[in-house]
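**Q** Quick one: structure below, then a few questions.
Number of protein chains: 4
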Amino acid sequence: MTNANQSHEDRSIRTVVPSCQFASDNTAGICPEAWDAMEAANQDGPTSPYGDDAWTSKAITMIREMFEVDCEVFFTFNGTAANSLALASLCQSYHSVIAHKIAHVETDECGGPEFFSNGTKLLLVDGDKGCVDCEEVQRIVRRRTDVHFPKPKVLSITQSTEMGTVYDDAALDRVQETVQRLGLMLHMDGARFCNAIAALNMPPKEMTWKRGVDVLCLGGTKLGMAVSDCVVFFDRELATEFKYRCKQAGQLASKMRFLSAPWVGVLQSGGWLQHAQHANAMAKRLAEGLGKLPGVSIVSPPEANAVFVDFGVGLADELRRRGWQFYDFISIGNSRLMCSWATTENEVDAFIGDVAQLTKSRA
Amino acid sequence: MTNANQSHEDRSIRTVVPSCQFASDNTAGICPEAWDAMEAANQDGPTSPYGDDAWTSKAITMIREMFEVDCEVFFTFNGTAANSLALASLCQSYHSVIAHKIAHVETDECGGPEFFSNGTKLLLVDGDKGCVDCEEVQRIVRRRTDVHFPKPKVLSITQSTEMGTVYDDAALDRVQETVQRLGLMLHMDGARFCNAIAALNMPPKEMTWKRGVDVLCLGGTKLGMAVSDCVVFFDRELATEFKYRCKQAGQLASKMRFLSAPWVGVLQSGGWLQHAQHANAMAKRLAEGLGKLPGVSIVSPPEANAVFVDFGVGLADELRRRGWQFYDFISIGNSRLMCSWATTENEVDAFIGDVAQLTKSRA
Amino acid sequence: MTNANQSHEDRSIRTVVPSCQFASDNTAGICPEAWDAMEAANQDGPTSPYGDDAWTSKAITMIREMFEVDCEVFFTFNGTAANSLALASLCQSYHSVIAHKIAHVETDECGGPEFFSNGTKLLLVDGDKGCVDCEEVQRIVRRRTDVHFPKPKVLSITQSTEMGTVYDDAALDRVQETVQRLGLMLHMDGARFCNAIAALNMPPKEMTWKRGVDVLCLGGTKLGMAVSDCVVFFDRELATEFKYRCKQAGQLASKMRFLSAPWVGVLQSGGWLQHAQHANAMAKRLAEGLGKLPGVSIVSPPEANAVFVDFGVGLADELRRRGWQFYDFISIGNSRLMCSWATTENEVDAFIGDVAQLTKSRA
Amino acid sequence: MTNANQSHEDRSIRTVVPSCQFASDNTAGICPEAWDAMEAANQDGPTSPYGDDAWTSKAITMIREMFEVDCEVFFTFNGTAANSLALASLCQSYHSVIAHKIAHVETDECGGPEFFSNGTKLLLVDGDKGCVDCEEVQRIVRRRTDVHFPKPKVLSITQSTEMGTVYDDAALDRVQETVQRLGLMLHMDGARFCNAIAALNMPPKEMTWKRGVDVLCLGGTKLGMAVSDCVVFFDRELATEFKYRCKQAGQLASKMRFLSAPWVGVLQSGGWLQHAQHANAMAKRLAEGLGKLPGVSIVSPPEANAVFVDFGVGLADELRRRGWQFYDFISIGNSRLMCSWATTENEVDAFIGDVAQLTKSRA
């Protein structure tokens, strides 16, 4: 992809760096372990559809082993559907879900939770570093007890959060204590759950059912798959009839093996953890490199695979003119840089190099 | 499942024949052209998500070329979602959709159309060989004009039909004339559209927008893809805001290229037509072979890739005991044998051979 | 509409007969007991809203006394809402409700049940005299057990039926036995429940919770009120949070006393039964009178307050030209004559007289 | 609740004052003009149902005359349904409605708008005195233009507002200019519309269609009726099929005349305006009386029929112990006193007297 004629350093950098590298972890392709498993699944020839196949059985078994519990597992095509269906299974239309004001269910699913549940309302709370403030949760739950306002039913938290942070041991304790006190169900949006595991080096069970999580949406797409997220019910009663719900909502894959085999691939190989560790490490490298540069500040130390950076006036635009792509999240801290299994050290260093060059020239 | 009386020969046949071969065209894996395109797409590295990528652009362009018109194209994960979203975009909750009583939207989507449209009612008509009887359509549309019953808005037809037949030139004319007379929109469930094209050797435009089809759900999964169906709006006005609808309903893939690249693969290579022709040919071979056997009758000559067979009492069970899998559709004609791109002549012949052996032993 | 040739007699008849007398029992006004109670309620001055008032308490107590059980009672504005909300509280969107093909929930609520439940499908059965055929119920429930079709959850019956008949002791036994065997919930559409009680002279408890009815929609509007129907849960667990459901769905009256006071009025006075008996008697008188006329046949002996008549060719139109109004229900038996608390013997006799005159002139 | 120190006088006052007088304008009964019209309607005898009657025709005609335009008018049972159905007719599920954070559609309809529209999201803005801040409206509309967030479609304002204030000439201009600039539809929640007309002495047309209002929900219940609110479409195209929507949603009254006759009653007599003027005058009298007392402050001068009062610590509780009832609205200003057509000067003065006595004893 490079050619011999390139002289200028920064041009050569940009040519090796895909423009949308840091936009999201969903810009990456399919990771090798997932790909290989799909390939193997494809060589099986005709296979029973709708999940009645060996790959799906195996994936479910492995996810149960991952969580060390006899949970119920369902595969959906993406995270919006996983979250929306999970919440709809916990709620009636006249209930409400409490979530952080920057939660993906609120800001990036186009009203999916409201649609799938036929009107369930999201009630928003704030909280440091993307984690819900449990006192605010209590206030909003206790604020109204009359029938003229939707009845609070579920607390939804995101692990790792939309800010690239994690609920640590103490935060998980507070959340668990809060939902128990208030009689709420607990939903965990784990689109980047593996990054949280990698960050905290915590057994998955300690982050979920031992902490009162009723249902986890376990993200596969951002981890390195094409189109697969899971809904994991730790309270098995809640899963009764969930397959009907998936089917009706257009989320029951006929060729299910292509959603489940990738899970076998990443779980069997340990790739799920290695990729998450790598993405987190790349975010840390980015933050360390950028944090040293004048006029650039890191919004908070990255704990998972996202870095939020305040580039100051103009710098983000200059970086984009050089071909870099990333999103701005004004409400959080100017620019988000997201790393994935596919992010390379070279790309990180090239980005830091470009920022360094630009900040120097502005000095 | 085997017994001592089995000759070597028929046991060996069964070992090469996957048990679920004839259950459905969704038991097959991913066809080579689709696979290769996915592989190429995966090698692109980071790519803009949600359809803002080169593969998706190209797939849309090629589908427009296929239909020789500037249609709007959206990719969904499966056919239930494609049909349900398409119908929801044509209907309000107090409308009704007229469909054949054996239509997939009625019998196999678990109320998906009703769910996505928040209550739209399906009104059922009968009709020979899985094709709607246009006189019955008129009767049901004109039967009620008061506000106490849902207002008819859409006629939904399936091409090729759930019975493995097709609406031919004359039938399409009748349908077009009917919807125009009655002021209905026309939806075509094309989960097996390519099989219909292969059967009738008709340019796609002649089967769709030139026949008054407003929106076509163009099936990729049954054609040989992992998880991709299209919604094609010939009336572009109807597509306004459809992307919002897909997003909210959990049907906007972030890694869209893995849904669109397979279309590039099958369209560029001509595989879409060859596979459909092959599946149809296998169905014909099955019907011809089985039709000659005593006590076995073909419900109607197969026009696409399904064969409906009346095996008489007991034979279907015996075949299943030998490991063959297929569904019974009492309402249509006992047993359905479905062929796909992956069905081989050997498998067809092995099946015919088993039936021949069993019918002979019963004589 | 009159002409010079009309004799004095038939003109005078029409002047005393309101034209829409027999169209429906919802063409009548408010019965005296309901009116008087509303008037008394209005004189209370300011009163706590949303059901927290003395009239509502009293009405609930009296309905509990009527059924001799500690049921939960909710007031809605009309029967469509009562039925739809009751069914929605029993069903998820992927469930189905089995009902008679002429049930009001199917034919005259414009998809209300599907709307309130976000997609629940109605599965239709036939049955003599408007009563569901329990064998057909079993067949339709057992026909499908896969997730691709909505899961049967509720049997809905109408008492008295849309045909003016009633489920008698034996029929209620069959229904109860059927729902128990099949694991269904039992919903009773009692828009004309009081007419059934009057017809069978049965204690209300024997027609409901002792027969396995989980929820009854108890009609007030057709009985003689302005805008009040009840939802009565005999299984009190099912009523948990139902008030939220009513509120969200626009069915929680702020000035609730005007919905509940009429119930106090008709229950305290015994008017509920007298009016129902009267309406039934008027239907019987109609049937007896008409049944004697040549060329007129009664579809089945009326058991409640409706009479279905086959007037033969042309007669119904002639009657309408004379100003009489009634509906045709082709699927049941040509013309429906509905009696209410307000129907008078004079009106019934006048109608019979007109039919007699017309049939004589045609002879 | 009484104590030995109470003089005869203040006890006697309380006996003439219904305890819930100031809780809401829905605690009042039916005003005389509405009652008389219902009575007249009831004397008509059998009448065509579902709005095909003379009272409904006349009411519609009179509402058209009120607004001096050929609008489309529908009667619903209450305001929650009117608002929710109106918004649902303007929105798809993936749209959003912008409203004030204290708007009734947000705070007191238990998610009705989200339910009826199958998921439409409410986006909240702030603004002085319960009126939306148009700059904030623009910010929230322009903040997101991607498909991952619901698309803004409607601005909903309340006239008179939940704070007892009104959008005056200048405010209505700003709103109109805003919706035109941003391409939004304009919905007016007029549960207390007549109070706004009384406050501003403005022809109804100047407050509605001449100001860009597409649909008005015109409140009858709080004005003095039992159960009737209207949906008035000034853009008649929007009303196409609205009657189906009402029917399906359980909001089509069979005995419609009892919803429409009260409108004839209040419009023909001029009572609609007199009652609104009276309620506004009572609120003003309350505010003037209370405003003079030490330790009591009026949150803002009342413009319609509500007064928001800061009673300071403890006083509100003491008043409630004396039997007065009113709601606290922390987010607005401690206590809300609501006046209606039925509020009397005596009651107002008695309340002021009690507050005076209590504040004096605390001094």
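Residue numbers (numbering that gives the first Met the number 0), protein chains in the order written: chain L, 0 to 362; chain D, 0 to 362; chain E, 0 to 362; chain A, 0 to 362.
Glycine is no exception: its CB is placed at the ideal position from the N, C-alpha and C atoms.
Exposed or buried, ASP327 of chain D, counting other C-beta atoms within 10 Å across all chains shown (16 or more means buried)?
**A** exposed
**Q** Taking buried to mean at least 16 other C-beta atoms within 10 Å of its own C-beta, is LYS291 of chain A buried or exposed?
**A** exposed
**Q** Tell me whether the beta-carbon of ALA22 of chain E lies closer than 8 Å to the beta-carbon of PHE325 of chain E.
**A** yes
**Q** Return the CA-CA distance between VAL265 of chain A and GLN175 of chain A, expressed in angstroms with no decimal places.
**A** Those two C-alpha atoms are separated by around 29 Å.
**Q** Looking at the C-beta of LYS146 of chain A, does it have a partner C-beta in chain L at a distance below 8 Å?
**A** According to the sequence displayed, residue 146 of chain A carries Val and not Lys. So yes, VAL146 of chain A belongs to the interface.
**Q** Indicate whether at least one CB of chain A lies closer than 8 Å to the CB of PHE241 of chain E.
**A** no
**Q** From PHE115 of chain A to THR119 of chain D, what does the alpha carbon distance come to, in whole angstroms?
**A** 14 Å
**Q** Please state whether the Cβ-Cβ distance between ALA98 of chain A and LEU84 of chain A is less than 8 Å.
**A** no
**Q** Can you list the residues of chain E that SER92 of chain D reaches, using a CB-CB cut of under 9 Å?
**A** GLY110, GLU113, PHE114
**Q** Do PRO203 of chain A and MET65 of chain A have their CB atoms nearer than 8 Å?
**A** The answer is yes: Cβ separation under 8 Å.
**Q** Are the CB atoms of ARG244 of chain E and ALA36 of chain E nearer to each other than 8 Å?
**A** no
**Q** With a cut-off of 8 Å, do at least 3 Cβ pairs link the region 333-351 of chain L to the region 278-291 of chain L?
**A** yes
**Q** Which residues of the region 116-136 of chain L have a Cβ closer than 9 Å to any Cβ of chain E? Give them in chain order.
**A** SER116, ASN117, GLY118
**Q** Roughly how many angstroms lie between the CA atoms of ARG361 of chain L and PRO293 of chain L, to the nearest whole one?
**A** 10 Å
**Q** Which class does ASP353 of chain D belong to by DSSP, given the choice of helix, strand or coil?
**A** helix
**Q** Can you tell me the Cα-Cα spacing of GLU344 of chain L and MET281 of chain L, whole angstroms?
**A** 7 Å
**Q** Going by CA-CA distance only, name the one from D:PHE241, D:MET255, D:SER268, D:ALA260 that's closest to HIS94 of chain A.
**A** D:PHE241
**Q** Quick one: Cα of CYS130 of chain A to Cα of MET187 of chain A, how far?
**A** When rounded, the distance between both Cα atoms is 12 Å.
**Q** Quick check: what's the CA-CA separation for ARG335 of chain D versus GLU346 of chain D?
**A** Cα to Cα, the separation comes out at about 16 Å.
**Q** Along the region 231-262 of chain E, where does the CB come closer than 9 Å to a CB of chain L? Name the residues.
**A** GLU240, LYS242, TYR243, ARG244, CYS245, LYS246, GLN247, ALA248, LEU251
**Q** If you measure beta-carbon to beta-carbon, which residues of the region 276-303 of chain A are closer than 9 Å to chain E?
**A** none
**Q** What would DSSP say about PRO261 of chain L, mapped onto helix, strand or coil?
**A** helix
**Q** Rounded to the nearest angstrom, how far is the Cβ of GLY110 of chain D from that of GLN91 of chain L, given a contact under 8 Å?
**A** About 18 Å separates the two Cβ atoms, so there is no contact after all.
**Q** Do we get a CB-CB distance below 8 Å when we pair THR157 of chain E with the residues of chain A?
**A** no
**Q** Using 10 angstroms around the beta-carbon of LYS359 of chain D, count the other beta-carbons present and answer buried if the total reaches 16, otherwise exposed.
**A** Counting every other CB atom within 10 Å of its CB across the protein chains shown gives LYS359 of chain D a total below 16, marking it as exposed.
**Q** Grab the span of the alpha helix (DSSP H) containing PRO31 of chain E for me, first residue to last.
**A** 31-41
**Q** In the structure shown, what three-state DSSP assignment does GLU8 of chain A receive?
**A** Here the model assigns GLU8 of chain A a pLDDT of 41, short of 50, so the residue's position is not dependable and the matter cannot be decided.
**Q** Express the C-alpha separation of ILE196 of chain L and ASP234 of chain L in angstroms, rounding to a whole number.
**A** In a straight line, the C-alpha of ASP234 of chain L is about 21 Å away from that of ILE196 of chain L.
**Q** Confirm, please, whether the CB-CB distance from THR342 of chain E to ALA278 of chain E is below 8 Å.
**A** yes
**Q** So is ASP228 of chain L in contact with chain A if we call contact Cβ pairs under 8 Å?
**A** No, because no Cβ of chain A sits closer than 8 Å to the Cβ of ASP228 of chain L.
**Q** Exposed or buried, which one is VAL312 of chain E when buried takes at least 16 other CB atoms within 10 Å?
**A** exposed
**Q** Verify whether the separation of the beta carbon atoms of ASP229 of chain A and LEU217 of chain A is less than 8 Å.
**A** The question names Asp, yet the displayed sequence has Cys at residue 229 of chain A. Yes.
**Q** Could you tell me the distance, in whole angstroms, from the CA atom of MET366 of chain E to the CA atom of GLY28 of chain A?
**A** Lying outside 0 to 362, the shown extent of chain E, residue 366 of chain E is not represented and no answer is given.
**Q** So which of D:SER56, D:GLY44, D:VAL68, D:ASP51 has the shortest CA-CA distance to THR207 of chain D?
**A** Nearest C-alpha to THR207 of chain D: D:VAL68.
**Q** Does the separation of the CB atoms of ASN117 of chain L and ASN194 of chain E fall below 8 Å?
**A** No, they are not a contact pair.
**Q** Quick check: is the beta carbon of LYS359 of chain A nearer than 8 Å to any beta carbon in chain D?
**A** Output row for LYS359 of chain A: interface = no.
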